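Q: Protein chains in written order, with my numbering: chain L, 1 to 233; chain U, 1 to 414.
C-beta atoms are modelled at their ideal positions from N, C-alpha and C, and glycine is treated no differently.
Keep in mind the model is a prediction, meaning the values are calculated, not measured.
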Amino acid sequence: MIRLKDVSLRLGSADHTSSVQFHLPSFEVAVGEAVALTGPSGCGKSTLLNLVAGLRRADEGEVRVAGVNLSSLSAAKLDRHRGTHCGMVFQSFHLLAPFTALENVAIGLRFGARKRSNALERSTEVLVRVGLGKRLHARPDELSVGERQRVAIARAIVGGASILLADEPTGSLDPDTGRDIFTLLSKVAAEDERTFLMVTHDPALAAELPSKFDCSGLIHSARIPSGKEGGSQ
Amino acid sequence: MSFLSMAWRYLKFRWLVSVLTITGIALGVALVCAVLALRSESERALSKDAGLYDLVAGGKGSPLQLVLASVYHLDSPPGNLPYAEYGKLQRDSRVLWVAPVGLGDNYSGYRIVGTEAQFFDLPDRNGERFFQFAQGKVFEGRFDVVLGSQVAASTDLELGSTFFGTHGLVEVPGAEVHRDFPYRVSGILAPTGTAQDRAIFGTLASVWEIHETEDRLHSAIQGSALLEGPQEREATAILIRLKTPGLRLWMADEIRKETDGIAAVPINEILRFQRSIIGPVQRALLIVAGAVVGVSCLTVLVTLHQAAERRRRDIAILRSLGAIRSEVASLVFAEGLLLTGAGIALGLLLGHGGLALSVGPFRDSTGLVLNPWQIPVAELIALGAMAFCGAVASLFPAISCYRRTPIDDLHLTE
């Protein structure tokens, strides 16, 4: 399902004064597998997730996702590939403020192969599934943080993406809510047999997933000036 | 959800900025629309009046003044012509229709125009009778009058009503009222959409009688020599329609040579008036309006640019959901088009609505009837140009969004 081989990527620091090298010799995830990406801050966990999503392109090496070598795709096809195969959940939810929960989810069906004529019906079904059947028309600022993350999960799965990518999905939540969200993510991934990659700092949550991948050492600090940390996570 | 509805939701979300931007565009567009529509409509209305007559003969003075006084019932006439000239013109085989005009009095600010009964036989350019009677008939008695439609509508006069004329062409407090000479309404004209709607038409004989009597009275009071015997009768102007309009200039030249007066071609005088006086004012207004529109387009550019900058995170989210560059650029572009479109629509409504509100006062002061909802070609071109400017202004932030890489903006917070 996902295979990265000898992937190298040069990452600039935020102030563009230095760069670091990301190198991943090999990484493979089978269909339906659930993997926790672990490691210390700045080790390259999010970079790995973004490479799989096609939000970053590798400078060298091969990134194959759902049978497609992402390096061979044009920018537009890469966006469409992501829209079709990957559902993303972020630490800070990334909902669109002007739209209701239902609309935020329906927008997930707006692009590429996810496009559907019965978007609102389908979105309603998914929101009911994540426990927000009574909050369909609430806007993000009217939802609790846990509810917001549920909307984000609904948006990630509504289009039937075969890969669920979660970048610290519990990072902004209190422990109990975080636990609920993790349970929900694991459940929808398992029930739908989705491939599930989750970046987490929480060893307890990581331990609950069948596989773990330690990202330590993926970033080589080629030239990092003192006091500055490279990478983009 | 379509791009347009998404764009609309974003505009609604930051409604204050959207409303201010739309208002800015609308004000510029309204000004342009109002100026262009006013120009077009005033030209049409002025030409409609001026086109009624091929020539106007009158006393020596400004031809424009003569036309304004005798055709539009504005301004004072430059002087008089001997009434005998009217007889000569009646006998001229080149003349299709001719009527004398005598001015001097008003009622509630509406001029009392002394003329002859055949004045109402004036044919329009299609050969149909121009004046139609809504009520009553042409004057028969010496002090019978026919009201223009607006006079009837704005005064309490009706068929059979009597009233007194007041000396002078405009209403002035304390002016002499001719109480010995009551007028009686014998007819009311149907609206013509011209300055004739603001006039009261009586007999020329009544104008002479009133003023000759008043002159005798004044002479007696002042102890000066009494005016005895028949006086030479005069007319303020003579309105002429020719069988062949192409003869206007020759005939005007003839009248100038053979009489003490002048002859003017109304349509020429009005065109000259528009070009020399109204034209520059309208051009200045158009320049101001163009500047307002230009500033409004810049506002669209700045607004959308700022909106796009604020929405970098949202654009990145859409990209993470699978939106391609052209789709997010289209979304931003659609916002710009909505702002521009709403501004133009509102401006169109404001411009023409404002014109509609001014129809009454404009008609009352000039007699010209404007159609405020008529959109001239020049206005359509201007609207197209403004829509184009708005589209170009919307393109810049759209291109900026097109170029952005989502990974750079996903880390941004709300």
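(1) Should U:H178 be labelled buried (16 or more other beta-carbon atoms within 10 Å of its own) or exposed?
(2) From L:A206 to U:E335, what does the alpha carbon distance come to, in whole angstroms?
(3) Could you give the DSSP three-state label for L:G54: helix, strand or coil?
(4) Just to confirm, are L:A154 and L:V199 a CB contact at a threshold of 8 angstroms?
(5) Comparing the C-beta of U:F13 with each C-beta of chain L, is any distance below 8 angstroms?
(6) For U:D430, count neighbouring Cβ atoms within 10 angstroms of its own Cβ and tell me buried if that reaches 16, exposed if not.
(7) Examine chain U for any beta-carbon lying closer than 8 angstroms to the beta-carbon of L:A97, and answer yes or no.
(8) Report the residue from L:G87, L:P98, L:R129 whose alpha carbon sits nearest the alpha carbon of L:L109.
(9) Compute the Euclidean distance between the alpha carbons of U:P415 and U:G160, then round it to the nearest angstrom.
(10) Identify every run of the beta strand (DSSP E) within the stretch 148-222 of chain U, keeping only runs that are complete inside it and at least 3 residues long; order them along the chain.
(11) For a test of the three-state rule: what should DSSP assign to L:I224, helix, strand or coil?
(12) Whose Cβ in chain L lies nearer than 7 angstroms to the Cβ of U:I324?
(13) Suppose contacts are defined by Cβ-Cβ distances below 8 angstroms. Is U:I399 in contact with U:A323 by that definition?
(14) Which ranges would you report for the beta strand (DSSP E) in the stretch 259-283 of chain U if only whole runs of at least 3 residues count?
(15) Of the residues that make up the stretch 342-376 of chain U, which ones have a beta carbon closer than 9 angstroms to any beta carbon in chain L?
(16) 8 angstroms is my cut-off, CB to CB: does L:A94 come that close to chain U?
(17) What residue from L:S19, L:R148, L:E191, L:I163 has the CA that sits closest to L:V29's CA?
(18) Could you check if U:W97 is buried or exposed, using at least 16 other CB atoms within 10 Å of its CB as the buried criterion?
(19) Short of 8 angstroms Cβ to Cβ, which residues in the stretch 172-206 of chain L face chain U?
(20) Could you tell me whether any Cβ in chain U is nearer than 8 angstroms to the Cβ of L:G160?
(21) To which residues does DSSP link L:E28 through a beta bridge?
(22) Using a Cβ-Cβ distance cut-off of 8 angstroms, determine whether U:R321 contacts chain L.
(23) By the DSSP assignment, the alpha helix (DSSP H) with U:Y419 in it spans what residues?
(24) Taking buried to mean at least 16 other C-beta atoms within 10 Å of its own C-beta, is L:T84 buried or exposed?
(25) Verify the CB distance criterion: does U:I315 have a CB-CB separation below 8 angstroms to chain L?
(26) State yes or no: is the beta carbon of L:R122 nearer than 8 angstroms to at least one beta carbon in chain U?
(27) So the alpha helix (DSSP H) L:G146 belongs to, where does it begin and stop?
(28) Tell me, please, whether the CB atom of L:M1 is closer than 8 angstroms to any CB atom in chain U?
(29) Going by C-alpha to C-alpha distance, which of L:A75, L:V52, L:H81 sits closest to L:L9?
(30) When you compare the CB of L:F213 with every CB in chain U, is at least one pair closer than 8 angstroms?
(31) Name, going along the chain, the residues of the stretch 3-27 of chain U whose beta-carbon falls closer than 8 angstroms to a beta-carbon of chain L.
(32) Given a limit of 8 angstroms on CB to CB distance, which residues of the stretch 50-63 of chain L reach chain U?
(33) Quick check: what's the CA-CA separation for U:L4 versus U:L338?
(34) How about L:E103: is its C-beta nearer than 8 angstroms to some C-beta of chain U?
(35) Determine the DSSP secondary structure at L:V164, reduced to helix, strand or coil.
(36) Note down the Cα distance separating L:A166 from L:N69, rounded to an integer number of angstroms.
A: To lay it out plainly:
(1) buried
(2) 43 angstroms
(3) coil
(4) no
(5) yes
(6) Only positions 1 to 414 of chain U appear in this structure, which leaves residue 430 of chain U out of reach.
(7) yes
(8) L:G87
(9) Any answer about residue 415 of chain U is impossible in this case: the structure gives chain U only from 1 up to 414.
(10) 162-167, 177-189, 200-203
(11) In this prediction, L:I224 has a pLDDT of 44, which is less than 50 and means its spatial position is unreliable; nothing more can be read from the coordinates.
(12) A76, D79, R80
(13) no
(14) 262-264
(15) none
(16) According to the sequence as given, residue 94 of chain L is His; it is not Ala. By this cut-off, L:H94 is an interface position.
(17) L:I163
(18) buried
(19) none
(20) no
(21) L:R3
(22) Residue identity check: residue 321 of chain U is Leu in the sequence provided, not Arg. Yes, because at least one Cβ of chain L sits closer than 8 angstroms to the Cβ of U:L321.
(23) As shown, chain U starts at 1 and ends at 414. That puts residue 419 of chain U outside it, with no answer to give.
(24) buried
(25) no
(26) no
(27) 145-158
(28) no
(29) L:V52
(30) no
(31) M6, R9, Y10, K12, F13
(32) N50, A53, L55, R56
(33) 8 angstroms
(34) yes
(35) Residue identity check: residue 164 of chain L is Leu in the sequence provided, not Val. If DSSP states are grouped into helix, strand and coil, L:L164 belongs with the strands.
(36) 21 angstroms
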